[in-house]
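Chains as they are written, first to last, in this note's numbering: chain S, 127 to 348; chain H, 127 to 348.
What follows is a short report on a single structure.
Now the structure itself:
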């Protein structure tokens with residue numbers, strides 16, 4: 127285990143929860159950083175809070191009011207989530223979102239002299255989001271290092287894993303109980319709607335890993 | 127002149143005003159984008175509004191509440207501006223500020239299919255800010271292009287100019303009248319305090335260019 131600290135960009139979703147548990151094994155101290163960016167569904171932030179409380183992880187929530195002002199996507203505006211495959215990018219793409227999240231995480235970490243950042247993004251099932259690719263993360267890592275005159279490293283433990291492999295990693299890291307409290311559904315529903323692209327992807331991953339999704343029987347994990 | 131549009135990151139200060147006028151000559155349409163990031167002094171945003179109104183330039187103000195939440199610098203917190211030269215970075219450095227501004231500008235521009243961004247940053251007089259260097263801007267340009275799957279270009283017309291050369295460029299671009307309404311003073315004062323690092327740098331530039339600062343006799347430019 128490294129003796130240094132890390133800041134994890136933590137949405138309260140399946141992937142960032144797994145990334146958070148990966149970071150807990152790798153770093154001596156972990157801070158989870160969530161963003162209140164005007165999500166249509168506050169249930170995501172509630173999941174993040176619940177998981178950090180359960181595992182006694184320091185949790186910081188930073189407000190972001192700017193994406194709402196920029197607008198034009200289904201995660202902050204009242205637009206139906208697109209699941210069409212014929213578009214270049216789904217309308218759940220918030221331009222610049224991961225770049226902004228990680229740059230803010232770096233700014234927050236810089237003030238505390240922490241230079242290891244962890245994110246749960248992955249290119250395998252990335253729904254066409256260009257800000258989830260390794261080359262984007264490598265470039266961003268260089269940009270924040272140059273821009274803040276520091277040596278940042280962005281860790282992407284899920285980058286090359288498909289959803290089934292992510293589920294298996296979560297099991298290995300003893301994350302299943304935490305995943306019972308994670309949130310995935312784009313429609314902000316619990317129990318999950320089961321029909322949005324995010325729910326379908328999550329269900330496929332658990333099915334392929336032959337593990338039952340703890341979210342569906344949360345009462346067993348209280 | 128290019129037939130394309132550009133978005134200019136516009137603070138209402140001397141440099142971004144000059145960059146805005148540079149962009150007006152280069153692009154057929156220019157949008158000025160300002161950020162309300164909890165500056166201690168709203169006079170900067172008022173300058174930006176006044177200049178855009180005078181010259182009939184489309185002006186967008188995006189709110190940013192996150193820097194205040196991150197804290198720890200003299201531009202958003204109630205900390206005296208440091209002018210000490212022995213520190214690595216002055217305490218007016220807001221970590222990630224220019225990276226965030228330009229990434230938001232890119233996100234805003236992306237929604238409107240604009241891919242030319244203009245900023246007034248320069249390394250010559252950059253007060254030790256690492257996010258004002260060309261290598262940072264080059265890396266950021268690559269990061270936003272990868273992250274939004276588009277071909278962005280960040281134009282930095284003042285990058286290699288010292289303050290005197292910037293003043294001469296402003297004169298050449300007929301920007302002096304607009305500069306009468308620009309704001310520079312870190313202490314938010316008008317008439318400017320004359321003693322903060324920003325006021326001193328501005329005064330030196332005009333003195334070296336042998337041009338009288340129009341800000342000091344604004345009444346002549348109404």
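Beta carbons are placed, not taken as given, at the ideal position from N, Cα and C, and that holds for glycine.
Note that the coordinates shown come from a computational prediction; the quantities given were computed from them, not determined experimentally.
- Close Cβ partners of residue 178 of chain H (< 8 Å) along its chain, the five nearest in sequence each way excluded: 136, 158, 184, 185
- Give the straight-line distance between the Cα atoms of residue 262 of chain S and residue 257 of chain H, rounded to the nearest whole angstrom. 19 Å
- Does the segment 289-296 of chain S come close enough to the segment 152-166 of chain S that 3 or more CB-CB pairs lie under 8 Å? no
- Do residue 358 of chain S and residue 173 of chain S have their C-beta atoms closer together than 8 Å? Not covered by the structure: residue 358 of chain S. The range shown for chain S is 127 to 348.
- Query: According to DSSP, is residue 186 of chain S helix, strand or coil?
  - Reply: strand
- Query: Going by the CB atoms, is the gap between residue 226 of chain H and residue 230 of chain S shorter than 8 Å?
  - Reply: yes
- Query: Quick one, which residues of the segment 228-244 of chain H are near chain S if we go by CB-CB under 7 Å, in chain order?
  - Reply: 229, 230, 232, 233, 234, 236, 237
- Pair every Cβ in the segment 295-309 of chain S with every Cβ in the segment 334-347 of chain S, then say whether three or more of these pairs are closer than 8 Å. yes
- Query: Between H:188, H:171, H:141, which lies nearest to residue 295 of chain H when the distance is taken from Cα to Cα?
  - Reply: H:141
- Can you have a look at residue 317 of chain S and say buried or exposed, based on whether 16 or more other CB atoms are within 10 angstroms of its CB? It counts as exposed.
- Contact list for residue 350 of chain S against chain H, beta-carbon separation under 8 Å: Missing from the structure shown is residue 350 of chain S; chain S here goes from 127 to 348 and no further.
- Query: Under three-state DSSP, which class holds residue 299 of chain H?
  - Reply: coil
- Item | Assigned secondary structure, residue 245 of chain H (DSSP; H/G/I helix, E/B strand, else coil) | coil
- Item | Residues near residue 138 of chain S in its chain [Cβ-Cβ closer than 7 Å; skip 5 each side] | 160, 170, 171, 173, 174, 177, 308, 309
- Task: Note the first and the last residue of the continuous beta strand (DSSP E) segment covering residue 162 of chain H.
- Result: 153-162
- Which residues in the same chain as residue 149 of chain H place their Cβ atom closer than 6 Å to its Cβ, once the five residues preceding and following it in sequence are excluded? Only 132, 134, 156, 244 meet the Cβ criterion.
- From residue 319 of chain S to residue 328 of chain S, what distance separates their C-alpha atoms? 12 Å
- Under 8 Å by beta carbon: chain H residues contacting residue 89 of chain S: Here chain S covers residues 127 to 348 and nothing more, so residue 89 of chain S does not appear.
- Message: Using the three-state DSSP reduction, which class does residue 233 of chain H fall into: helix, strand or coil?
- Response: helix
- Message: According to DSSP, is residue 143 of chain H part of a helix, a strand, or is it coil?
- Response: helix
- Task: Out of S:332, S:197, S:339, point me to the one whose CA is closest to residue 166 of chain S's CA.
- Result: S:197
- Own chain partners of residue 276 of chain S with C-beta closer than 7 Å, once the 5 adjacent residues on each side are dropped: Answer for residue 276 of chain S: 236, 241, listed in chain order.
- Report the three-state DSSP secondary structure of residue 134 of chain S (helix, strand or coil). strand
- Task: Using a Cβ-Cβ cut-off of 8 Å, state whether residue 189 of chain H counts as contacting chain S.
- Result: yes
- Message: Short of 7 Å in beta carbon distance, which residues of its chain neighbour residue 129 of chain S, apart from the five on each side in sequence? Order them along the chain.
- Response: 154
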